[in-house]
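Note sheet for the following structure.
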Amino acid sequence: MGTSSRIPHRLAPHRSAPRRHRRGDAHRVLRRGDGHSSRNRSSARAGYVDHVRHRDAHRSSERAERSRRGQRRSPASRLDRRRARARCGGRRIRADHRARARAGYPARGGRRSRARRGDTISLVRLPRIVEPLRHRDFRLLWTGQTLTLLGSFVSNIAFPFQVLQLGGSAFELGAFVSAFTGASLVFLLIGGAVADRVPRRTLIITTELASGVTVGSMAILGFAGALQMWHLYVAAACFGAASAFSVPALGAIIPELVPDEILVAGNAVQGLSRQSARVGGPIVGGLLVATAGPAAAFAFNAVTFFLSAGAVALTRARPLVSEARRSIPGEIREGFAFVFSVQWLWVTIFGWSLIVAAFIGAIAVALPLLVTTVLGGGAVTYGIISAGVGVGEAIGATAIAQVRIRRSGVAMYLLGALMGVSFFIYGLVPTVPGALLASAINGLSFACFGVLWVTALQVHVPRRLLGRVTSVDYFGGTLLAPIAPIGAAFLAQSQGPAFVFIVA
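Numbering (this note's numbering), first residue to last: 540 to 1043.
See below:
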């Protein structure tokens, strides 16, 4: 059947009807050059030019008339009209942006729209390092961890002097550090498997509360005058066990709180809280120990642990997708299998274990002895030198968040070598300025290495294995940590604390 039998006659196209040109079609014909028979190029060009001239002349006359009217108005009325025009323009711009966003178009460049009330932080261009703080849950986690680290560094100043006040020597101080690292080493693998099985938010809250109870007990015993050396060993073991569960959970929860494209900045901000606490914590700890005794520092740390648990309890981390679970030993084996299947993972973990052993032996054991025996200082001097590490870490974390490292592996190995340079400065220049310089270099290299390494794990390790791989990382990194303080104590007792830094 023909076309006319299927549709009404008045809707059927007429073969001989001329083509109707739409508005503005003349310049389209000219640009395409299709050679339409109803209009040649010269007539199209002339018609379009006449149209543009007529339009511009009409608009010019309108603008001139509006200008004459505006001059006859009072200045106040002109100002009100300009304000109203600006407000209407802002509404049109915002409506256009919202429509483009609903349609799926990218944001248009050029003039920025006015920020909506209550949402200013999402529209203002912020430095790259503070972009993760736009996310509420990350802000809460960051606040809680900053409080925890602040209190922990306060206690780190108090514990060595508490050991020395109880009559301990370098060996007792080394045994205290070994109790912490040994307990952490024993529970790290289990902690990583648990971090991949239970909500990480719940695990962090539990460890914060347990640590707060532990250090609070030390404060009560200290104020009562009943604190003994074995209490400190038990507390160190409890802290080590708690860190074995909290460290994998903290390393794995950050990707649940921030987008993947700002993970480096998120880790840098998380590291910046550590650096800020490392600057302020030793100074506060030194002042508390010098004025009120170690028990006051322990009480301060207990309060920070409880406040941190409350902050983390307010977060809403995205839960993991439920999947078939195996036994804990099977999940631990899966984590080890993944690490040893990736060469750069296990090679870096092995090299890092040597650096951690040297760091723990030198900083945790030899540095307090260097301050008290060689430099002739006390708790305040030790706190200031320890704060130098935090200053270097803050500089490093801020710098690493603002730049893009293309070859992060090479950068990490160079930073590890820079840590060795700082140890030489400790041993060869045993003065307060030399120790401050060495602390700053040590902190800078440590912070940059940590940010690059944690980001590499979060990017290249599957999300479901991240807790276990993080625990294997810390397990391998601290494998030599229990024996390092004992060896450092032996060398410090026989050869002097400066010799420990040279050997490290």
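Even for Gly, the Cβ is constructed at its ideal location relative to N, Cα and C.
Every value quoted in this text rests on a predicted model; they were computed, and no experiment measured them.
The criterion of a C-beta distance shorter than 8 Å is satisfied by Leu802 and Thr994.
For Pro798, there are no CB contacts under 7 Å within the same chain when 5 residues up- and downstream are skipped. Contact between Pro1024 and Gly713 holds, with the beta-carbon distance rounding to 4 Å and staying under 8 Å. Around the beta-carbon of Gln882, fewer than 16 other beta-carbon atoms lie within 10 Å, marking it exposed. In the structure shown, Ile696 falls within a helical segment according to DSSP collapsed to helix, strand and coil.
Under the 10 Å beta carbon count, Thr970 is surrounded by fewer than 16 other beta carbons and is classified as exposed. DSSP, read as helix, strand or coil, puts Val928 in helix. Linking Ala834 to Val754 through their CA atoms gives a straight-line distance of about 9 Å. Contact between Thr1009 and Leu996 holds: CB atoms are separated by about 7 Å, below the 8 Å threshold. Its Cα nearest to that of Gly973, the residue Val960 stands out among Pro821, Phe985, Val960. Distance between Leu1004 and Ala836, taken at the CA atoms: about 37 Å. Pairing Phe898 with Val693 gives a Cβ-Cβ distance that is not under 8 Å. Taking the CA atoms as reference points, Gly761 sits about 25 Å from Thr912.
Under the three-state reduction of DSSP output, Ala831 falls in the coil class, being neither helix nor strand. Taking every protein chain shown into account, the CB of Arg946 has fewer than 16 other CB atoms within 10 angstroms, so this residue is exposed. Annotated three-state conformation of Ile939 is helix, per DSSP. Around the CB of Gly915, fewer than 16 other CB atoms lie within 10 Å, so the residue is classed as exposed.
Leaving aside the five residues that flank Glu747 on each side, the residues in its chain whose CB is nearer than 6 Å to its CB run, in chain order, Phe844, Ser847, Ala848.
Note that the C-beta distance between Gly982 and Gly935 is below 8 Å. A direct Cα-to-Cα measurement between Gly824 and Thr720 gives close to 22 Å. Between Pro1021 and Ser785 the beta-carbon gap is near 19 Å, outside 8 Å, which marks them as no contact. For Gly731 against Arg1002, the beta-carbon gap comes to about 14 Å, at or over 8 Å, which does not count as contact. Judged by DSSP secondary structure, Ala1028 falls within the alpha helix (DSSP H) whose first and last residues are 1023 to 1033. DSSP places Ile944 in the coil class of the three-state scheme, outside both helix and strand.
The residues Phe677, Val797, Ile801, Ala804, Gly805, Val808, in chain order, have a CB closer than 7 Å to that of Pro671 in the same chain once the five nearest residues on each side in sequence are set aside.
Excluding five sequence positions before and after Leu1018, the CB atoms of its chain that fall closer than 6 Å to its own CB belong to Ser892, given in chain order. Apart from the 5 residues on each side of it in sequence, Glu711 sits with its Cβ closer than 6 Å to the Cβ of Val702 in its chain, given in chain order. The beta carbon of Gly989 sits closer than 7 Å to those of Gly810, all from its chain and outside the five residues before and after it, given in chain order. For Leu953, the number of other beta carbons within 10 angstroms of its own is below 16, and it is reported as exposed.
Under the three-state reduction of DSSP, Ser750 is assigned to helix. For Gly819, the CB contacts under 7 Å within the same chain, skipping 5 residues up- and downstream, are Leu689 in chain order. Look at Asp799 here: in three-state DSSP terms it is helix. According to the DSSP assignment, Ser984 belongs to the alpha helix (DSSP H) that extends over 971 to 999.
Around the C-beta of Ala979, 16 or more other C-beta atoms lie within 10 Å, and the residue is accordingly described as buried.
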